[in-house]
Each structure stands twice: as C-alpha cells, then as structure tokens.
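For reference, the structure is listed below as structure tokens.
There are 2 protein chains.
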Amino acid sequence: MTKKPDAVVVAGVGMMPVGEHWDLSLRQLALEAISAARLDSGGLRPQALYVANMLSPALSGQSHLGPLLADFAGMRGVEASTIEASGASGGVAVRQAYLALMSGAIDVALVLGVEKVTDKGSSQVQAALATATDAEYEAVQGVTPSTQAALLMQRYFYEYGPPEDSLAGFSITAHLNAVTNPDAMFRKAIRREQYASAPIVSEPLNTFDVAPLADGAAALVLARAAALPDGQEYPQVEIVGSATATSALALHDRPDPLDLTAAAQSAQTALMQAELSPEDIGLFELHDSFSIFAALSLEAAGFAERGKGWKLAQNGDISLTGHIPIGTFGGSKARGDPGGATGIYQLVEASRQLQGRANENQVPDAATAMTQCLGGSGATASTHILRRVT
Amino acid sequence: MTKKPDAVVVAGVGMMPVGEHWDLSLRQLALEAISAARLDSGGLRPQALYVANMLSPALSGQSHLGPLLADFAGMRGVEASTIEASGASGGVAVRQAYLALMSGAIDVALVLGVEKVTDKGSSQVQAALATATDAEYEAVQGVTPSTQAALLMQRYFYEYGPPEDSLAGFSITAHLNAVTNPDAMFRKAIRREQYASAPIVSEPLNTFDVAPLADGAAALVLARAAALPDGQEYPQVEIVGSATATSALALHDRPDPLDLTAAAQSAQTALMQAELSPEDIGLFELHDSFSIFAALSLEAAGFAERGKGWKLAQNGDISLTGHIPIGTFGGSKARGDPGGATGIYQLVEASRQLQGRANENQVPDAATAMTQCLGGSGATASTHILRRVT
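Top to bottom, those sequences are chains B and C. Numbered per our numbering, the first sequence spans residues 5 to 394. Numbered per our numbering, the second sequence spans residues 5 to 394.
Structure, rendered in structure tokens:
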C-alpha cells in the first residue's frame, strides 16, 4: 500500500508514565512528552499545538495553556489552542489537528494531552470532575462521574442480569497487561476473589471498577504524509478514520442511558471513512475509566451485542492474543487514568502496537487499531482508526 | 467577483446584547444566539459546534459545554468541542471551524461564543481571569489582566511619551459609536474631561480605559460556499484570511512587551492569505478590553507605526467615517466586553457592516474588514479578514 498524498500520519509519539509526579509541574510534564514526541519524529517542526486538558484551570489555576506550553516547549509563536471535552478532550484535539492537516493549512501538528491532579486533595478533584456533568441538574444534586458510572452499572445489571462479578474480567485483564508495561501505574496482577471483596466506592461500583486518576502527559506529532521526509525508522501509521459525536450531557436526558449513542455514531463514522468493519480491527484502545464503560464501548463500537460486552472479558477475547485486545498497556485502569489526556495515550499506545514497538505487550500482527475516548459518561465520544501503511 | 468553490462564507449571524442578564443562564444565552444565527442562515443544519468560552468552569461550575449546548440548542449528537484561549477564544474557535470547513469534512459549522459572569462577585471573577496569566510566575504574585494592562500602559508612556490623556480618544470613540447601537451596554457619549477625572483602577489605568466584562453570547453559521443555497437575502461575506499566533504568556518573558508579536504575526499571515495590505482594510474590529490594547493592536496590525497608534484616536481616523474605523458598534469598551466570546461578536459585527445592515452604525462602502482578538495580554492573537463577495 502506498501513502496517499492527502493522508495524515503519526510521525512521532511520546509520553510520561501516568502517576503521582510530585516533582513535576504541569508544564514540566508537558515538556517531557512534547520533547519525546518531537525527538521520535526525527525533528519535524510543528506549526500548530493542540492542547487537550480538562482540569488545569480548576486544579492548577492555569488556563490559556496554548501559548504557555508552546513557549515552554520551545515552539514560541506557533498557533496554539486548548480543547476541552472532559475525558474525551484528547480524541477531540486529535480530530481538530487532523482536520487542520487535511485542510492543507499546515503540514505538521503537535497534539498534547496533559493533566496535573495530584497537587490537590480528593474533594477538590471530585468537584472539578463534577463540572463535566450537567451543573444545573446533576452536579447540584451531588452527581459525580463515579456516581454516574454506578448508576449505569446498576442499570446494566438490572436490564441484562449478568453474573455479579461479570465486569471483573476488565479489571483483571488490564492489571495483567500492566505487569509487563514498565511505565504502568499498577504493575500487579489481581485475582477474581480480590475484585469480589474490594471496597465499594458507590454501590455497586468497587475500587477495582475505578481507574486511578493521576498526572500524565502524552504527545503526538501528526503530519501530512507528503511532508514527511523519507527514511522513517518505524513503519508508518496513518489515521484512516476520525470522528467525534455527542449525546445529551445529563444521564436523565438520554432515552436509553445504556446506549452510548455518541460512541456508536463516532465509531460507525470512523469505520465508514476507513472502509472497515469491526471484524477488521486488530486492537481497540477504549476508555475504561470505569469498568462499565469498557463493556458499553465494546457494545457501542460494534464488537458485542447490547448487553453482552461483559462476555468478552470472560473468555480471553480482550487479552493481548484474543480477537479484540483492549487496554493493551494496562488501560486507564492499570496504566493509570490521565483524565483529558487519555485520548492521546490511546493513540500513542495504538501507534506503538502498529509499529511493532510494544515490547512484551505486543499484539501479534496488529495492522489496524481503533481508539475511542469518552467524556462525561459518553456525552462526547471521539473515535480514531489507525492503520499500518508500510 | 464569483465565489470560489472552496471558500468559507458567513451564512448567518446572531447575538445577545452584552450586559447583566440576571434572568438568563449560560445555556439560555447560548440558545438565544444560536437560534438567531440559525434563523439568519435560512435554516442551514450545522454539522459541528465550536464553543468559545473561558470562564464557565470557574464561574458556572460547568465544563464540557459542547454536548450540553448542542443538545440544548436542538443539535443533539453533532460533533462539538470547547476551545479556550482566554480572550482570544472566539477567534481561535472561528479558525478551527474554518479549517474543518476547508478540509471538506463538513459543509456547515456553528461557532458560538458565550460567557456568563454576573452570577459571581468581583473577586471570584478576578481570580478566574487571573488564571489566563502565568499562574506560577504572575498570578501567584497578584498579577491580573488589569494590572498587566496597567504595566503595559506605563511602559507605553515611558517609551513614547505621548500626552497624558492620549488614550482617551479610544474610549470617547467607543462610547460615541455605542450611542446609536440599541444593543450596546453603555449608550452614553463621554467627554475628554470625564476621562481625565475618572477614578484610577490600577495606575495609570482608569475606569474609562477598562471595558466592562459582562454576560454575552454570539453565534456564527459558517459554511462552504458550495453548500449554500442560492437566493441569500444579504450580500455574501467570505473569510479570506484566518490566522492564530502566540507569544510568551508572561509579560516578563517577552523581549519587548509593547510589541504584540502574536497580533503582528497573525495579522500579517491573514493579510497575506487575503492578498491585501492594511490600506485595503475598510474597518478593523480590534480587542479594546483595555484602551492600551487598541493602540497596540493598531500598531501590530500595521495601521500605525510603533508608538503612534494613539494618534489615530486623536483626529477621527478611527471613527465610523475615518480611514480605519474600529469598534464600530461600541467595541468592548461600550458595547460591552463578553470575555472569550469577543471574537465572535467581532465577526458578527464585521459581517453586518459588510452586508450593509449596520443601520446607524454603518461604515460607508465597507467591503473588507479585519477582526482581531487577543488573549492574555496578547499571548494569543487570532486575526480574520472578511470580504463582501456579491
């Protein structure tokens, strides 16, 4: 397959381990990821910076990240902007960079996802996260992303009646994949009995259903294929599908809360662009900030029937050698949850898989990947499809 | 002149008066502006929503505006995102919508700017605004946008030595233009003596140097010219130049703080795209959140030499019949300052001028317009050039 002149390719990737980076501020985290991605791209000069972030104004007192981070990372003057779509910020930022490249206005873009959350206490973090729900109808009643996930989980069990520990497989697989990822936050396998006896966060959600929100930064250099110098070190990865969709923000405004319509719509659109169907996808980096979303995303994206996503976690289907591997480096659950930067981590990890540089976490023969990040319990969903070209 | 197939045109505009809208929440303000713009477009269906906002997470406890406002305004499901670049958010959002349209991925986009600030007290608003400065080096020392403007104004007087009331003309002209704008916040002409005796906000900045931050919402329907039905009611307005640039965020990091390099760079790029020079521009909607920025923007965009922007406000050059009219409906100073929505108001007003529907504020024979909004004392600048086509 030859590269099309108007294709957008991943020219470089970089990321910091997700974790408690007490010694690094937000801008320092960003710099590390940007520098790594630029080095990986062989020194391409980005003409625009897209920053994905959801929590900096509330937790770091810093908005207006575009010029700050462009300057701090040695790109003073470039076009820069900050994109916010809650947990989907990363995917939405990639989508906007993709469109800018496709327009022909720029040849090289840098997309950064960054969050710094560990400087503040849990109550401040929860309050900041709650702003992504409907402030006038949900947050004002005490709703947070965790309680939304708990409500959806309750509903899932009520509607479909799966076994009590049916979501355990998602957590177990994520932790297993993280064991061999030296950058993962929790490199410890867990057993089904541990899941069953884990403390409850919000009935029926337990601690192993919840991904650990922590500091992180990841960066992508995206480029028009025509602008890429010859002699790239790694196989080329092309973005062949890119779509964002939304649904009602408040859960009570959704006709069927278990139907993630934005996830379904963005996945369908991206697959159509790529001229692929779910069976063609080699791995799926989905948004497992809560285990229930892993099940719902698999269903919405077409990998399982409604109510049956949990079954893929029972029999190895989602493991590295299964038919639809997910969270291949541990996912948000065990690699760590970088909030609005999640979408960038997903594309970095998917690219590494397609380029054959996933080391012990390599999915054999991965040639296509889907990434999908969710914001506000699925009110925003952004889906990308990557394909190895060379 | 015939429309080019790949041109982006302003297909509809709508806005709420800037002011203290005690009876309207953020989403209601947004709905009013969106509905007006969609009606004005003859019912075009937007495929994507770009929201420009800087203060909602801090002042309304509401982030993730994309899906919320898409849904509330009757566009549930469309691609949506929120763009933040402090006071330049509006222009940066227009730029991203423009690129999405130019990529061919969508035919119709809605760009909304919205701010709701009057629900909170002054200290909360000032704290929220300060997040747009460098949090670690400026805000932590008590720096706010007002004190930054005061520092720049001091420096301007120190470097160039203009008369003490040399910036008065900007405020006087803005208030004069607002008298005939029924939607303006302050419809009262002011005299030079009033400026001279106005209370000081931050030495040497006085109350008439500062624009009144208030609630507002404005919306644009942008479309690819090829997607527009025939028989439009008003002359067609095309975006012929679009550029965003940045500089260092902190004032102390700028080699020459009076040189708004991002404003200059974005203006030059936009002019080059439009194949125009400053002399060709019929009116200039600039960012007069503080009077010093009116002078600095005129200089940066090429309408005056360095240190001489203030002179344009002395002799009528910036009035509606002058050679470079600015703030034609009263500008931020007297129409009211809608924060991150400013860039959208600028494009709405410039479009109305070019379409000949500015009523008593009409600039005679206006055929081209430049809009420029600034964020963080010019750390981000976004410039657009509009031209009447039919």
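Don't be surprised by glycine CBs; every beta carbon is placed ideally from N, CA and C. Since we're looking at a predicted model, the values are computed, not measured.
Write down the C-beta distance between G382 (chain B) and S293 (chain B) rounded to the nearest angstrom, noting that I regard them as a contact closer than 8 angstroms.
Rounded, the Cβ-Cβ distance is 11 angstroms, inconsistent with contact.
Taking the alpha carbon of G125 (chain C) as the reference point, which residue from C:S64, C:V183 and C:L114 has its own alpha carbon closest?
C:S64
Check the Cβ-Cβ distances between S90 (chain B) and every residue of chain C, and say whether any is below 7 angstroms.
yes
How close, in whole Å, do the beta carbons of A274 (chain B) and L114 (chain B) come, if the pair is a contact with beta carbons under 8 angstroms?
Not a contact, Cβ separation roughly 22 angstroms.
Start and end residues, beta strand (DSSP E) containing G331 (chain B)
That residue, G331 (chain B), is in no beta strand (DSSP E); it is neither H nor E in DSSP.
Name the DSSP bridge partner or partners of H388 (chain C)?
C:S246 and C:T375
Nearest to D169 (chain C) by alpha carbon, out of C:T387, C:K315, C:G344 and C:G380?
Checking every option, the nearest Cα to that of D169 (chain C) belongs to C:K315.
Coarse secondary structure for F307 (chain C), derived from DSSP in three states
coil
Can you pull the DSSP bridge partners for M19 (chain B)?
B:A222
Listing by chain order, which chain C residues have their CB less than 7 angstroms from the CB of P61 (chain B)?
Those within 7 angstroms of P61 (chain B) in chain C are P61, A62 and T135.
For A11 (chain B) and I194 (chain C), I'd like the C-alpha separation in whole angstroms.
Those two C-alpha atoms are separated by around 57 angstroms.
Contacting residues, own chain, Cβ-Cβ under 8 angstroms from R99 (chain C) (five flanking each side not counted):
S246, A247, T248, S386 and H388
For R228 (chain C), three-class secondary structure by DSSP
strand
Can you pull the DSSP bridge partners for V115 (chain B)?
B:Y54 and B:L224
Per DSSP, what kind of secondary structure is R95 (chain C) in: helix, strand or coil?
Going by the sequence as given, residue 95 (chain C) is Gly instead of Arg. Looking at G95 (chain C) - three-state DSSP - the assignment turns out to be helix.
Keeping to the same chain, check which residues put their C-beta closer than 6 angstroms to that of R356 (chain B); ignore five residues upstream and five downstream.
A362
Do three or more CB pairs link the stretch 80 to 97 of chain B to the stretch 338 to 350 of chain B at distances below 8 angstroms?
Cβ pair count under 8 angstroms is three or more, so yes.
Residues from the stretch 68 to 89 of chain B in contact with chain C, defined by Cβ distance under 7 angstroms
Taking a C-beta cut-off of 7 angstroms against chain C, the contacting residues of the stretch 68 to 89 of chain B are H68, G70, P71, L72, A74, D75, R80, G81, V82, E83, A84, S85, T86, I87, E88 and A89, listed in chain order.
Where K7 (chain C) and P239 (chain C) are concerned, what is the direct C-alpha to C-alpha distance, given to the nearest angstrom?
In this predicted model, K7 (chain C) has a pLDDT of only 45, less than 50, meaning its place in the structure is not dependable; the value taken from the coordinates is given anyway. So the alpha carbons of these two residues sit roughly 12 angstroms apart.
Could you tell me whether any Cβ in chain B is nearer than 7 angstroms to the Cβ of V96 (chain C)?
yes
Please say whether L171 (chain B) and S295 (chain B) have beta carbons closer to each other than 7 angstroms?
yes
Looking at the structure shown, is E140 (chain C) part of a helix, part of a strand, or coil, going by DSSP?
coil
Could you check whether A77 (chain C) and L43 (chain C) sit closer than 7 angstroms to each other, using their CB atoms as the reference points?
no
Give me the chain B residues within the contact set of G379 (chain C), using Cβ-Cβ distance strictly less than 7 angstroms, ordered along the chain.
H68
Along the chain, where does the beta strand (DSSP E) containing S85 (chain C) start, and where does it finish?
E83 to E88
Under 7 angstroms between C-beta atoms, does Q376 (chain C) make it to chain B?
No - not a single Cβ of chain B is within 7 angstroms of the one on Q376 (chain C).
M5 (chain B) to P259 (chain C) span [Cα, whole Å]
Here the model assigns M5 (chain B) a pLDDT of 39, short of 50, so the residue's position is not dependable and the matter cannot be decided.
Less than 6 angstroms between C-beta atoms, sequence neighbours within five positions excluded: which residues of the same chain meet that for E142 (chain C)?
A254
Per-residue DSSP class, three states only, for V214 (chain C)
strand
Length of the line joining the Cα atoms of G379 (chain C) and A136 (chain C)
8 angstroms
Rounded C-beta distance between G220 (chain C) and V22 (chain C)? I'm assuming under 8 angstroms.
4 angstroms
Cβ atoms of A56 (chain B) and G117 (chain B): under 7 angstroms apart, would you say?
yes
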